[in-house]
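S.K.: Chains as they are written, first to last, in this note's numbering: chain A, 314 to 679; chain B, 602 to 1108. Beta carbons: idealized from backbone N, C-alpha and C, even for Gly. Below is a structure I'd like to ask you about.
Structure representation (structure tokens):
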């Protein structure tokens, strides 16, 4: 029908505060729509049955007991890194240097394992590993914080650049300590003596999971119930308000980045001393960045981060499983992961806004 | 009135944001060649209604009829095409451009600065504006910026002008100039809608008044047939007393002395120049001045938030001991036992944290207290929040509501409530009633007076000269960072203050 004037049929309206239940319905619908779209794309592109693909994704993550443990261990490491970044982001300090802080923690641990193996008893080596890796991560985190506090430099750039320095340092020491010479990698450190290998608790996966649990609970309490946590929130919301009530913004930034870097260093220790027993430049596998997403998706809530990190690891593990099981390449798995993440992040828009159809549209058409 | 043509007719306009209904079924006519005042308390939906005419918002329901034809306004461009132009409360100008560039910004067609300047000059001559087309915005005073905004709207051929609180930032002399221009525009047949809180201005400028309350249209009437009391009652919905109390100061003694205070900002501009004065107990010291004349820096310096070049700020305890505040941080000042409260101008950006709830905002001042060194104590702030909500009648769903969701007046009550809860010896307020409606404003005046009676030294930075003259015992006038005089509030009037505020410019 012809209208004299064009009217917008729909317009976007900002929601007032949405209740939690409605928000979760939107999120579930988003995930279901994402799975549906994945199914359609799978059918169109490969002709495979989408149900069996989904089943394979699930099997990839939780198919066997061993796979379940590995998945949980991955979740634990990602969770620790995400938790480490959280106080910084809550303070509106864009710490995208998790990658470098993890690497430095790992490098410190590896250094202890390699250089002290014959000189000190195992327990002392492990103790030194813990101390130095946490310290190394903290130092890597606090350098950009000092720049920020003293000269107000942009922390996004400085933390990011610190990543490259860390990568190059690891690359350098990989050549120094390469075994065998010319191989370009360090290989398993202390394979026979097992010096510096973090002890197994129950099985070899459980240690990271326990550490992650402790860090999660600790971080939740720290952010929610302590004076430090309160200061972080005030500084993040408004530095002017913080100064007005006498909070030293510089001190809070430095203190928080020490903590953020220290926990990243701890993740590096677990990766090197507990899981891989070696170090490579790619040992943190981009989790310093993935952690940013985990933290934001969970709106900086440590408990919610358990679920967001699980979701991301689950999808990643499942996706690589289908690429082998269906002889699809890894890119196809990436497409599916991309779709699901797009929907999850995109649905936040619908939580914040709603689309309203013009009410009298029907009347006029009739 | 009968033979006049209708320029705008709003029929059944409804607009809501989430659960909040900003306008509900509003019917309003604006005639050609008249000035209509739109009155209403904060949150009564005046600005929302006007934004729908200006194409910022789109109504949920209802019709807008412009010059007899139904119109659909989806964007500011649509509004301009219909001859509607709005000057917003916060100017939308580009600082680094000059007046002409700002005026022609966004217009289609070939860029011809010469031609544009000629037309701008024509417009200025016709209505009596004064404008320097080559001047950059960042060099302009607030009043000059406003002129640019109005000329911008006229340049685009607007016949219907909407001015959102245009006088809030002007001196009385500047306001008078603006009103003259508005009268010229009216005689040219343009329709003007002016949103304002100041009733004396309504009476001096407008032909008709329309009142909104809680998003609903209440009434409209000829200005000549009403008075301030009736308009107020209509706005608030019940009877309100319009007198500001001014009790005699009881036993005033010096509490804070400021000597030769000089503040220079990062760019080397002198913000305060050799300022000296004494603030007494049990007294309200008003601070008047055009905005940006050093009021902000003065309060910040006393609160320990400003880097001071030279001078002395001495606090005098009850027992005569003195304390030098200069060079101390806010925290060190409070640790000295100096009970200083500060209600800053920027409520949500400095005084409060918008995303935090009422209870957590109460904690801002007190979170360091409590038994534990490490953990926060939440019980007391919650009690305080409840007490403030109760005593000051803060309209909020609960004390767990983020303060950014509250209306302006309620935000200010939360802030003032927290600041006076510590029973301050010195209370500093900056623009304590800016943007607040009549009933909230009077409540704030009451609270300030209570602190005065308690014996606090009150520093009241204000912009409404009528209020300063009625409320303050003494008034210090700042002009370009210099003190141009301290006058007795009981023996002065706003014109004296107004000329003191601009003394430097005239000398």
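Could you check whether residue 940/B and residue 1024/B sit closer than 8 Å to each other, using their CB atoms as the reference points?
M.R.: Along the second chain, read from residue 1 onward, the residue named residue 1024/B stands at position 423. Along the second chain, read from residue 1 onward, the residue named residue 940/B stands at position 339. Yes, Cβ-Cβ distance for residue 1024/B and residue 940/B is below 8 Å.
S.K.: Is residue 525/A helix, strand or coil when you go by DSSP?
M.R.: Here residue 525/A refers to the residue found at position 212 of the first chain. Reduced to three states, the DSSP call for residue 525/A is helix.
S.K.: According to the Cβ coordinates, are residue 390/A and residue 583/A closer than 8 Å?
M.R.: To locate residue 390/A, count along the first chain from 1; it is residue 77. To locate residue 583/A, count along the first chain from 1; it is residue 270. Result yes, Cβ atoms of residue 390/A and residue 583/A sit closer than 8 Å.
S.K.: Would you say residue 951/B lies against chain A (beta-carbon separation less than 8 Å)?
M.R.: Here residue 951/B is taken as the residue at index 350 of the second chain, counted from 1. Chain A, which has a Cβ nearer than 8 Å to the Cβ of residue 951/B, makes this yes.
S.K.: Fully enclosed by the region 868-905 of chain B, which beta strand (DSSP E) runs are 3 residues long or longer?
M.R.: Listed in chain order, they are 871-881 and 884-889.
S.K.: Please list the partners that residue 966/B has in chain A, where partner means a Cβ-to-Cβ separation under 8 Å.
M.R.: Here residue 966/B refers to the residue found at position 365 of the second chain. Within chain A, the residues near residue 966/B are 558.
S.K.: Between 926/B, 854/B, 767/B and 914/B, which lies nearest to residue 1057/B when the distance is taken from Cα to Cα?
M.R.: Taking the first residue of the second chain as position 1, residue 1057/B is located at position 456. That would be 854/B, whose Cα lies nearest to the Cα of residue 1057/B.
S.K.: Contact defined as beta carbons within less than 8 Å: I believe residue 1029/B pairs with residue 934/B. What is the distance between those atoms, to the nearest angstrom?
M.R.: Start at 1 with the first residue of the second chain, and residue 1029/B comes out as number 428. Start at 1 with the first residue of the second chain, and residue 934/B comes out as number 333. Rounded, the Cβ-Cβ distance is 12 Å, inconsistent with contact.
S.K.: Compute the beta-carbon to beta-carbon distance between residue 579/A and residue 495/A, rounded to the nearest angstrom, for a pair I have assumed lies under 8 Å.
M.R.: Position 266 of the first chain, counted from the start, is the residue given in the question as residue 579/A. Position 182 of the first chain, counted from the start, is the residue given in the question as residue 495/A. With 8 Å as the limit, residue 579/A and residue 495/A do not qualify as a contact, their Cβ atoms being about 33 Å apart.
S.K.: Which two residues bound the contiguous alpha helix (DSSP H) that contains residue 836/B?
M.R.: For this step, residue 836/B is matched to residue 235 along the second chain. Taken as a continuous stretch (DSSP letters only), the alpha helix (DSSP H) holding residue 836/B covers 829-837.
S.K.: Of all the residues that make up the region 489-505 of chain A, which are near chain B by a beta-carbon distance shorter than 7 Å?
M.R.: Going along the region 489-505 of chain A in chain order, one finds no residue with a Cβ nearer than 7 Å to chain B.
S.K.: Any beta carbon from chain A within less than 8 Å of residue 976/B's own beta carbon?
M.R.: By one-based count along the second chain, residue 976/B stands at place 375. Closer than 8 Å to some Cβ of chain A, the Cβ of residue 976/B qualifies, so yes.
S.K.: Could you tell me if residue 356/A is buried or exposed, where buried requires 16 or more neighbouring beta carbons within 10 angstroms of its beta carbon?
M.R.: Taking the first residue of the first chain as 1, we reach residue 356/A at position 43. The residue in question, residue 356/A, is exposed, as its Cβ has fewer than 16 Cβ neighbours within 10 Å.
S.K.: Taking the CB atoms as reference points, tell me whether residue 593/A and residue 466/A lie closer together than 8 Å.
M.R.: Counting from one through the first chain, the residue named residue 593/A turns up at place 280. Counting from one through the first chain, the residue named residue 466/A turns up at place 153. No. Outside cutoff.
S.K.: Give the residues of chain A in contact with residue 931/B, contact being defined as C-beta atoms less than 8 Å apart.
M.R.: What you label residue 931/B is simply residue 330 of the second chain in a count that begins at 1. By Cβ distance, chain A contributes 556, 557, 558 and 559.
S.K.: Three-state secondary structure (DSSP) at residue 530/A?
M.R.: What you label residue 530/A is simply residue 217 of the first chain in a count that begins at 1. Residue state, collapsed to three classes: helix.
S.K.: Please confirm whether residue 619/B has its beta-carbon closer than 8 Å to some beta-carbon of chain A.
M.R.: As a working mapping, residue 619/B is identified with position 18 in the second chain. Output row for residue 619/B: interface = yes.
S.K.: Give the interface partners of residue 540/A over in chain B, defined as CB-CB distance under 9 Å, in chain order.
M.R.: For the purposes of this step, residue 540/A is taken as the residue at position 227 of the first chain. Neighbours of residue 540/A on chain B, chain order: 968, 969, 971, 973, 974, 975, 976 and 977.
S.K.: Could you pull the start and end residues of the alpha helix (DSSP H) that residue 1042/B belongs to?
M.R.: Translated into positions along the second chain, residue 1042/B becomes position 441. From DSSP, the alpha helix (DSSP H) with residue 1042/B extends over 1039-1055.
S.K.: Within 8 Å of any Cβ in chain A, is that where the Cβ of residue 626/B sits?
M.R.: As a working mapping, residue 626/B is identified with position 25 in the second chain. No, residue 626/B lies away from the interface with chain A (no Cβ there is under 8 Å from its Cβ).
S.K.: Quick one: list the residues of chain A neighbouring residue 958/B, beta-carbon separation under 9 Å, in chain order.
M.R.: Numbered from 1 along the second chain, position 357 holds the residue referred to as residue 958/B. Neighbours of residue 958/B on chain A: none; closest Cβ ~11 Å, over 9 Å.
S.K.: Counting only C-beta atoms, is residue 954/B closer than 8 Å to chain A at any point?
M.R.: Taking the second chain and counting its residues from 1, the one referred to as residue 954/B is at position 353. By this cut-off, residue 954/B is an interface position.
S.K.: How big is the Cα-Cα spacing for residue 717/B and residue 705/B?
M.R.: Locating residue 717/B in the second chain gives position 116, where the first residue counts as 1. Locating residue 705/B in the second chain gives position 104, where the first residue counts as 1. Distance between the alpha carbons of residue 717/B and residue 705/B is about 7 Å.
S.K.: Can you give me, in chain order, the residues of the region 912-927 of chain B that have a beta carbon less than 8 Å from any beta carbon in chain A?
M.R.: Within the region 912-927 of chain B, no residue qualifies.
S.K.: Whole angstroms are fine: how far does the CA of residue 907/B sit from the CA of residue 867/B?
M.R.: Position 266 of the second chain, counting from 1, holds the residue named residue 867/B. Position 306 of the second chain, counting from 1, holds the residue named residue 907/B. So the two alpha carbons sit approximately 11 Å from each other.
S.K.: Tell me which residue opens and which closes the alpha helix (DSSP H) that residue 1029/B is part of.
M.R.: Along the second chain, read from residue 1 onward, the residue named residue 1029/B stands at position 428. Note, residue 1029/B: premise wrong, no alpha helix (DSSP H); beta strand (DSSP E) at 1027-1031.
S.K.: Tell me the residue span of the alpha helix (DSSP H) that contains residue 686/A.
M.R.: No statement about residue 686/A is possible, as the shown extent of chain A runs from 314 to 679 and does not include it.
S.K.: Note down, in chain order, every chain A residue with its Cβ under 7 Å from the Cβ of residue 945/B.
M.R.: The sequence position of residue 945/B within the second chain is 344, counting from 1. Chain A residues near residue 945/B: 557.
S.K.: Using a Cβ cut-off of 8 Å (strictly closer), state whether residue 403/A contacts chain B.
M.R.: Translated into positions along the first chain, residue 403/A becomes position 90. No, because no Cβ of chain B sits closer than 8 Å to the Cβ of residue 403/A.
S.K.: Can you check whether the CB of residue 581/A is closer than 8 Å to the CB of residue 401/A?
M.R.: Residue numbering aside, residue 401/A sits at position 88 when the first chain is read from its first letter. Residue numbering aside, residue 581/A sits at position 268 when the first chain is read from its first letter. Not in contact: residue 401/A and residue 581/A (Cβ atoms no closer than 8 Å).
S.K.: Could you give the DSSP three-state label for residue 739/B: helix, strand or coil?
M.R.: Taking the first residue of the second chain as position 1, residue 739/B is located at position 138. If DSSP states are grouped into helix, strand and coil, residue 739/B belongs with the helices.
S.K.: Please return the same chain residues whose Cβ sits closer than 7 Å to the Cβ of residue 900/B, not counting the five positions on each side in sequence.
M.R.: For the purposes of this step, residue 900/B is taken as residue 299 along the second chain, with counting starting at 1. For residue 900/B, where only same-chain residues beyond five positions count, the Cβ hits under 7 Å are 943, 1029, 1031, 1060 and 1062.
S.K.: Under 7 Å Cβ to Cβ from residue 1094/B, same chain only, skipping five residues before and after it: list those, please.
M.R.: To locate residue 1094/B, count along the second chain from 1; it is residue 493. Taken in chain order, the residues that qualify are 1070.
S.K.: Under the three-state reduction of DSSP, which class applies to residue 932/B: helix, strand or coil?
M.R.: Within the second chain, residue 932/B is the residue found at index 331, counting from 1. Helix.
S.K.: Show which residues of chain B have a CB atom less than 8 Å away from the CB atom of residue 553/A.
M.R.: The residue labelled residue 553/A in the question sits at position 240 within the first chain. The contacting residues are 947, 950 and 951.
S.K.: Measuring only between beta-carbons, confirm whether residue 543/A sits less than 8 Å from chain B.
M.R.: Your numbering for residue 543/A matches position 230 in the first chain. For residue 543/A, the answer is yes, since a Cβ of chain B falls inside 8 Å of its Cβ.
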